[in-house]
Amino acid sequence: MEDPLTLTQDRRTALLAACRLFSGVASPDLASVADRAVEVDFPANHVIARQGEIGTGFFLIVAGSVRVIRGGQEVAVLGPGEFFGELSVLDGLPRTAQVAAREPTRCLALASWDFEQALLDSPTLALSILRGLAARLRSVTEQQNH
73 MEDPLTLTQD RRTALLAACR LFSGVASPDL ASVADRAVEV DFPANHVIAR QGEIGTGFFL
133 IVAGSVRVIR GGQEVAVLGP GEFFGELSVL DGLPRTAQVA AREPTRCLAL ASWDFEQALL
193 DSPTLALSIL RGLAARLRSV TEQQNH
(Lines of atoms letter the chains of each structure in order from A and count residues from 1; the text may use other names and numbers.)
(Lines give C-alpha, C1' and ligand atoms only; values in the text may rest on other atoms or scores of the structure.)
Protein backbone atom coordinates (compact mmCIF):
# COMPACT_ATOMS: atom_id res chain seq x y z
CA MET A 1 0.00 0.00 0.00
CA GLU A 2 1.30 3.45 -0.91
CA ASP A 3 2.09 5.90 1.89
CA PRO A 4 -0.69 8.54 1.81
CA LEU A 5 1.89 11.16 2.76
CA THR A 6 4.11 10.37 -0.22
CA LEU A 7 4.61 13.49 -2.28
CA THR A 8 3.52 13.41 -5.89
CA GLN A 9 5.87 14.45 -8.67
CA ASP A 10 3.92 17.71 -9.05
CA ARG A 11 4.12 18.43 -5.32
CA ARG A 12 7.89 17.77 -5.26
CA THR A 13 8.30 20.11 -8.25
CA ALA A 14 6.20 22.79 -6.53
CA LEU A 15 8.27 22.51 -3.32
CA LEU A 16 11.47 22.94 -5.30
CA ALA A 17 9.99 25.90 -7.21
CA ALA A 18 9.21 27.63 -3.90
CA CYS A 19 12.80 27.18 -2.67
CA ARG A 20 14.87 30.35 -3.18
CA LEU A 21 17.85 28.30 -4.36
CA PHE A 22 15.80 27.30 -7.42
CA SER A 23 14.16 30.66 -8.19
CA GLY A 24 14.12 31.35 -11.90
CA VAL A 25 14.51 27.68 -12.88
CA ALA A 26 12.15 26.53 -15.64
CA SER A 27 9.51 23.90 -14.86
CA PRO A 28 11.08 21.14 -17.02
CA ASP A 29 14.40 21.58 -15.19
CA LEU A 30 12.66 21.52 -11.80
CA ALA A 31 10.76 18.40 -12.82
CA SER A 32 14.09 16.76 -13.68
CA VAL A 33 15.40 17.56 -10.19
CA ALA A 34 12.14 16.37 -8.61
CA ASP A 35 12.48 13.06 -10.47
CA ARG A 36 15.84 12.49 -8.75
CA ALA A 37 14.74 13.63 -5.28
CA VAL A 38 13.62 11.16 -2.62
CA GLU A 39 11.62 11.75 0.53
CA VAL A 40 13.38 11.05 3.80
CA ASP A 41 11.85 11.18 7.27
CA PHE A 42 14.02 11.87 10.31
CA PRO A 43 12.97 11.40 13.94
CA ALA A 44 13.48 14.21 16.47
CA ASN A 45 17.13 14.75 17.47
CA HIS A 46 18.46 12.66 14.56
CA VAL A 47 21.74 14.06 13.21
CA ILE A 48 21.22 14.47 9.46
CA ALA A 49 24.61 16.01 8.64
CA ARG A 50 27.77 16.01 10.75
CA GLN A 51 30.18 18.91 10.76
CA GLY A 52 33.51 17.87 9.27
CA GLU A 53 32.16 14.93 7.27
CA ILE A 54 31.97 14.89 3.49
CA GLY A 55 28.41 15.59 2.44
CA THR A 56 26.55 13.18 0.24
CA GLY A 57 23.30 15.06 -0.20
CA PHE A 58 21.28 18.24 -0.48
CA PHE A 59 18.16 18.56 1.67
CA LEU A 60 15.02 20.68 1.28
CA ILE A 61 12.84 20.72 4.40
CA VAL A 62 9.23 19.79 3.61
CA ALA A 63 7.86 19.58 7.17
CA GLY A 64 9.36 19.96 10.63
CA SER A 65 12.52 21.84 11.50
CA VAL A 66 16.24 21.39 12.04
CA ARG A 67 18.92 22.97 14.20
CA VAL A 68 22.16 24.10 12.56
CA ILE A 69 25.09 23.77 14.95
CA ARG A 70 28.60 25.05 14.24
CA GLY A 71 31.38 24.48 16.73
CA GLY A 72 28.88 23.38 19.39
CA GLN A 73 26.77 26.56 19.05
CA GLU A 74 23.30 26.67 17.52
CA VAL A 75 23.55 29.21 14.70
CA ALA A 76 20.17 28.75 13.01
CA VAL A 77 16.86 26.95 12.97
CA LEU A 78 15.53 26.06 9.53
CA GLY A 79 11.97 25.13 8.63
CA PRO A 80 9.80 24.20 5.65
CA GLY A 81 11.06 25.62 2.36
CA GLU A 82 14.60 26.10 3.66
CA PHE A 83 17.54 23.94 2.65
CA PHE A 84 20.99 22.75 3.63
CA GLY A 85 23.84 20.67 2.29
CA GLU A 86 24.37 22.49 -0.99
CA LEU A 87 27.92 23.69 -0.27
CA SER A 88 29.38 20.30 0.57
CA VAL A 89 27.59 18.72 -2.37
CA LEU A 90 28.99 21.34 -4.77
CA ASP A 91 32.58 21.50 -3.57
CA GLY A 92 33.06 18.00 -2.13
CA LEU A 93 34.59 19.42 1.04
CA PRO A 94 33.55 18.55 4.62
CA ARG A 95 30.30 19.98 5.96
CA THR A 96 30.63 23.34 7.71
CA ALA A 97 27.96 22.58 10.32
CA GLN A 98 26.00 19.81 12.00
CA VAL A 99 22.30 19.64 11.22
CA ALA A 100 19.88 17.77 13.49
CA ALA A 101 16.11 17.38 13.41
CA ARG A 102 14.39 19.38 16.19
CA GLU A 103 11.19 17.36 15.72
CA PRO A 104 10.03 14.69 13.28
CA THR A 105 11.15 16.19 9.98
CA ARG A 106 10.54 15.27 6.34
CA CYS A 107 12.98 16.35 3.65
CA LEU A 108 13.37 16.04 -0.06
CA ALA A 109 16.89 14.72 -0.49
CA LEU A 110 19.08 14.75 -3.55
CA ALA A 111 22.25 12.66 -3.59
CA SER A 112 25.37 14.61 -4.54
CA TRP A 113 25.81 12.68 -7.81
CA ASP A 114 22.18 13.36 -8.77
CA PHE A 115 22.53 17.03 -7.85
CA GLU A 116 25.67 17.29 -9.98
CA GLN A 117 24.04 15.51 -12.93
CA ALA A 118 21.04 17.86 -12.74
CA LEU A 119 23.43 20.83 -12.94
CA LEU A 120 25.26 19.31 -15.92
CA ASP A 121 21.94 18.64 -17.68
CA SER A 122 20.57 22.15 -17.19
CA PRO A 123 22.59 25.35 -17.64
CA THR A 124 19.67 27.42 -16.29
CA LEU A 125 19.60 25.31 -13.15
CA ALA A 126 23.37 25.72 -12.71
CA LEU A 127 23.09 29.49 -13.22
CA SER A 128 20.25 29.72 -10.70
CA ILE A 129 22.27 27.80 -8.10
CA LEU A 130 25.27 30.08 -8.71
CA ARG A 131 23.10 33.17 -8.24
CA GLY A 132 21.59 31.74 -5.05
CA LEU A 133 25.01 30.98 -3.61
CA ALA A 134 26.32 34.39 -4.64
CA ALA A 135 23.38 36.06 -2.85
CA ARG A 136 24.07 34.03 0.29
CA LEU A 137 27.78 34.89 0.16
CA ARG A 138 27.01 38.59 -0.39
CA SER A 139 24.65 38.57 2.59
CA VAL A 140 27.31 37.00 4.85
CA THR A 141 29.98 39.41 3.58
CA GLU A 142 27.74 42.43 4.21
CA GLN A 143 26.95 41.20 7.74
CA GLN A 144 30.66 40.91 8.52
CA ASN A 145 31.35 44.42 7.21
CA HIS A 146 28.68 46.13 9.33
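73 is the number of the first residue of the sequence shown in the working numbering; add one for each residue after it.
Heads up, the beta-carbon is just placed ideally off N, CA and C, and yes, glycines get one too.
Problem - At least 3 beta-carbon pairs within less than 8 Å: the stretch 145 to 156 vs the stretch 127 to 134 - result: yes
Exercise for the section: Label Leu192 either buried or exposed according to how many other C-beta atoms from any shown protein chain fall within 10 Å of its C-beta, with 16 as the threshold for buried. Expected result: exposed
Handout entry: Which of helix, strand or coil DSSP assigns to Leu79
Key = coil
Practice task
Compute the distance between the beta-carbons of Val138 and Val171, then report whether it is under 8 Å.
Solution key: yes
Practice task
Output the boundary residues of the beta strand (DSSP E) element that contains Leu165.
Solution key: No beta strand (DSSP E) contains Leu165, which DSSP labels as neither H nor E.
Problem - Assumed close pair Leu182, Val105 - CB separation to whole angstroms, cut-off 8 Å - result: 7 Å
Exercise for the section: Can you check the stretch 113 to 194 for any alpha helix (DSSP H) of at least 4 residues that lies completely inside it and give the ranges in chain order? Expected result: 158 to 163 and 184 to 193
Handout entry: Alpha carbon of Phe269 to alpha carbon of Gln145, nearest angstrom
Key = The shown model of the chain, from 73 to 218, leaves out residue 269, and the question about it has no answer.
Problem - Identity of the residue in Leu93, Arg122, Phe114 and Ala148 nearest Ala198 by Cα - result: Leu93
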